[in-house]
Amino acid sequence: MNFKVFYADRGSLSEEEFESLAGSVTKELSQAINTLGRFGLERAASGGKAKYFGSMAEGASIVATYFDTEDLLHVYLPVFQSNADLLPSVCIHELGHRHWYKNLNGSQRGMWNKKYVPASQSTVDRIQRLMKGGKYKRYMAVVDEFTNPNERLVCIHVVNALIVNKYPIELLPNLDVREHPATKEFCYGSKLYSLIPLVSAYARESDYEDYAETFRAFIEGGGNLRAIREESTRTALTELFKKVTFNA
Ligand SMILES: [Zn+2]
């Protein structure tokens, strides 16, 4: 896998320092590309270009920037003199930006931005079973049967649709949630819902930044988003990430 490298100004670095740091970054980039290859994501790097600077961009807070219009990765080498351990993560994060700009289409980006996922069929099955068997007096009592946040959210969507459509609660045992027009599309997963209420603490900054960080976390986590502790939310976000990323 080739990643074309250009050298810009040497800035504050001596020739030896510049060459040594540029060498480490190049090594780390090809390492990152190998890692991506194990996930079938070579195209995140394929045909890429990097330009190395011996100066800082805006202080030490910006270590690298990907410019989509030129398809060029700027790397500010002085930061890595004292923080070489940042390099692997920085490389994967930046290649995540490149994948977002080069390989994802508008509808994939839209799905990611809105964190749209389909209702899990096992959750729908459980809602159906509860409604058939339970004698509920309040719709919220159905929601309260669910303890994990993602299943609760799915249940809230179903229940809200029934409330808005004035479905009488005493008829719940007769309801087929996959047949009723108010809940049908949602329960079959063709109408999506958003995970944003559950992942807002995780999904910070802008959407493309959030994608690159998730890309890094997914690769470094060996194909899992370990930073999300709650399992049903982690599973749903991981599935969304994979759908958006691998169908690219
Ligand atoms: Zn970034």
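Under the working numbering, think of the first position of the sequence shown as -17, with each following residue one higher. Using N, Cα and C, we set each Cβ at its ideal position, and we do this for glycine too.
- Here Met122 is exposed: its Cβ has fewer than 16 other Cβ atoms, across all protein chains shown, within 10 Å.
- The bridge partners DSSP lists for Thr47 are His56.
- Taking a contact as a CB-CB distance under 8 Å, the pair Leu180 and Thr215 counts as one, their CB atoms being some 5 Å apart.
- Between Asn65 and the set Gly22, Val7, Asp107, the nearest pair of CA atoms involves Val7.
- C-alpha of Asp189 to C-alpha of Phe49: approximately 16 Å in a straight line.
- The stretch 51 to 62 makes contact with the stretch 32 to 39; the number of CB pairs closer than 8 Å reaches 3 or more.
- When Val140, Phe21, Val61 are compared, the shortest CA-CA separation from Phe0 is found for Val61.
- Assignment of beta-bridge partners to Phe(-12) by DSSP yields Lys33.
- By alpha-carbon distance to Glu213, the top candidate from Asn16, Val140, Asn132, Gly115 is Asn132.
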